[in-house]
Every structure is written in C-alpha cells, then in structure tokens.
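Asker: Everything in the sequence shown is counted per my numbering, starting at 416 for the first residue and increasing by one. Even glycine gets a Cβ: it sits at the ideal position worked out from N, Cα and C. Predicted model only: the values in this text are computed from it and were never measured.
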Amino acid sequence: MLNRTPLHTDVFSSFSWSANIVGKKKWFFIAPEESEKLKQFYKEKIPKRVSVISKEAGIHIIEVIQNEGEIIFVPSGWMHEVINLEDTISINHNWFNACNLNIVWNDLRKALRETEHELDDIRSLIDPLEFQHECQKVLKANYGMDYTQFVDILEKVITRIVSTSVSSGSKFYDYHEMFVITSLLKESSFLHEMRLVSGLESRVNTLHSTLTYFSQSKTKDGYTNNNFIK
Numbered sequence: 416m417l418n419r420t421p422l423h424t425d426v427f428s429s430f431s432w433s434a435n436i437v438g439k440k441k442w443f444f445i446a447p448e449e450s451e452k453l454k455q456f457y458k459e460k461i462p463k464r465v466s467v468i469s470k471e472a473g474i475h476i477i478e479v480i481q482n483e484g485e486i487i488f489v490p491s492g493w494m495h496e497v498i499n500l501e502d503t504i505s506i507n508h509n510w511f512n513a514c515n516l517n518i519v520w521n522d523l524r525k526a527l528r529e530t531e532h533e534l535d536d537i538r539s540l541i542d543p544l545e546f547q548h549e550c551q552k553v554l555k556a557n558y559g560m561d562y563t564q565f566v567d568i569l570e571k572v573i574t575r576i577v578s579t580s581v582s583s584g585s586k587f588y589d590y591h592e593m594f595v596i597t598s599l600l601k602e603s604s605f606l607h608e609m610r611l612v613s614g615l616e617s618r619v620n621t622l623h624s625t626l627t628y629f630s631q632s633k634t635k636d637g638y639t640n641n642n643f644i645k
C-alpha cells in the first residue's frame, strides 16, 4: 500500500518546500480559488483524496512527479496531496514572511471567528473579555497560534530589523518587511482585533512607534525610509 499525506493546506497558510533525498513522489495541487469551489461543492466536508473528488465539482487539479534530488515549493493556501510512489526520504520546511504575512493574519482571524461561533453557547454567560480569553485559549489549542503569539512574532521581527540594521546596515528586504508590518499595524481592522485581548493594542502601538521612529532615523541610497513607511 502506498503511503500518502491526505489533501490539506499547510499550517498557518505558510509557505513550504520539500526536498526529495531518496525516492519518488506524486503531488496533487489545488489552487486557492479552486479550493473555494471545492468547499462550496462539498459543503466544507472536503475529501481527503483527490481520486474521489467528483468531476462535477469542476476542479482543476495539477499533478507533478517529484524525483530524487528535486525540490518542490508549495505557495500559501494551496491544497495538496502527496503519494510516496516508492520508499522516500525527504526534508520539509514551513515558514512565513512579509510576502504572505497578510494571508497568515487573515487566516488566523478567520480561525478566531470560527472559534467564537463554536463557543457561542457560553457567550451570554460570561463577560466579553472572559469570553474572548476562552476563545483565545481554544484558538491556540486547535489552530496552534493565538493573537498574542502573532504579535510576539511581529515583535521579534521588528527587534531583528532594528538590531541588525544598527550593526550591519539595512537591506532592501528589511524595508519590505517594515513596509508590510507597518501597513498591517495601522489597519483599523487589525487594531480592532487587538482590542479583543487585554494589553495587545498597547503593544501594537508601541511596535508601530518603534518602526516609525526607526524609519525616520535611517536613510537608504539617498532617500529616507519614509518613502517606504508612513
């Protein structure tokens, strides 16, 4: 019997790559827009195997054979199933960065909405802050990350940008990260979500102030970072 990884999207809507050291695999990919069609057709009960997906669903499926010594990149939000066609050894890595940060955030926010819906029966029994506290605990247990941990990650990235820039100078990707993070931090919808958890809005405002001050104090190729961050 062939070993397989069921149809899924990667954790946190992260990027991933898989390097085949030994063996051969068959990959099936479904793009995010096709995944939405799949969810609508199956009413959220998506099959675990591509082979049982009805042709009536009208889903475009991409098939790829991965041989020994080849690496496959999986973009954010792409569903995929993997079948080991023979004994295999592979190295896999998941990550997210400024390029897919907004996708990761939107999926985390969606996961919280689903958690709130699941716990709706107790909403009227406790005060709003306590209800949200319980939702965050369940979110962390089921999804693997809560709002506090997301802000922790942003804080570590900002600290790295500031500290490495002081010691070795700013790189272009630092400016890209700063632009993406700052844009997120000042979004009204993001700030509204941060108010759901005690202390997070204050932390986010501090992070935004740190990036704003940093951008105003540095220059790049004759122009200020304010051209990137406002």
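#1: On the three-state DSSP scale, how would you describe Glu-529?
#2: In the DSSP assignment, the alpha helix (DSSP H) including Lys-463 goes from what residue to what residue?
#3: Helix, strand or coil: how does DSSP classify Val-676 here?
#4: Using the DSSP secondary-structure output, state which residues sit across from Asn-418 in a beta bridge.
#5: Closest to Ser-617 by C-alpha separation, out of Leu-600, Glu-485, His-548 and Ser-578, would be which residue?
#6: Assuming His-495 is part of the beta strand (DSSP E), what are its boundary residues?
#7: In terms of residues, what are the limits of the alpha helix (DSSP H) holding Lys-555?
#8: Determine the direct distance from the alpha carbon of Gly-484 to that of Thr-503, and round the result to whole angstroms.
#9: Distance, Cα to Cα, Gly-559 vs Lys-439?
#10: Given Leu-619, which residues of its chain have a CB within under 6 Å of its CB, disregarding the five upstream and five downstream residues?
#11: I need the straight-line Cα distance from Glu-478 to Lys-441, nearest angstrom please.
#12: Tell me which residues share the same chain as Gln-481 and place their Cβ nearer than 8 Å to its Cβ, disregarding the 5 neighbours each side in the sequence.
Answerer: With the given structure in hand:
#1: Translated into positions along the sequence shown, residue 529 becomes position 114. Glu-529 falls in the helix class under three-state DSSP.
#2: Residue 463 sits at position 48 when you count from the first residue of the sequence shown. No alpha helix (DSSP H) contains Lys-463, which DSSP labels as neither H nor E.
#3: For residue 676 there is no data in the structure shown, the boundaries of the chain being 416 and 645.
#4: Counting from one through the sequence shown, the residue named residue 418 turns up at place 3. In DSSP, Asn-418 forms no bridge with anything.
#5: One-based indexing of the sequence shown puts residue 617 at position 202. For the set Leu-600, Glu-485, His-548 and Ser-578, the Cα lying nearest the Cα of Ser-617 is the one of Leu-600.
#6: Working through the sequence shown from its first residue, we reach residue 495 at position 80. Run containing His-495: 494-499, per the beta strand (DSSP E) assignment.
#7: The sequence position of residue 555 within the sequence shown is 140, counting from 1. Where Lys-555 is concerned, the enclosing alpha helix (DSSP H) stretches over 543-558.
#8: Taking the sequence shown and counting its residues from 1, the one referred to as residue 503 is at position 88. Taking the sequence shown and counting its residues from 1, the one referred to as residue 484 is at position 69. Straight across, the Cα-Cα distance linking Thr-503 with Gly-484 is about 11 Å.
#9: Along the sequence shown, read from residue 1 onward, the residue named residue 559 stands at position 144. Along the sequence shown, read from residue 1 onward, the residue named residue 439 stands at position 24. Distance between the alpha carbons of Gly-559 and Lys-439 is about 31 Å.
#10: Working through the sequence shown from its first residue, we reach residue 619 at position 204. Sequence inspection shows Val at residue 619; the Leu mentioned does not correspond to that position. Leu-600 and Met-609.
#11: Your numbering for residue 478 matches position 63 in the sequence shown. Your numbering for residue 441 matches position 26 in the sequence shown. Those two C-alpha atoms are separated by around 7 Å.
#12: Position 66 of the sequence shown, counted from the start, is the residue given in the question as residue 481. These residues qualify, in order along the chain: Ser-433, Asn-435, Lys-439, Lys-440, Lys-441, Trp-442 and Ile-487.
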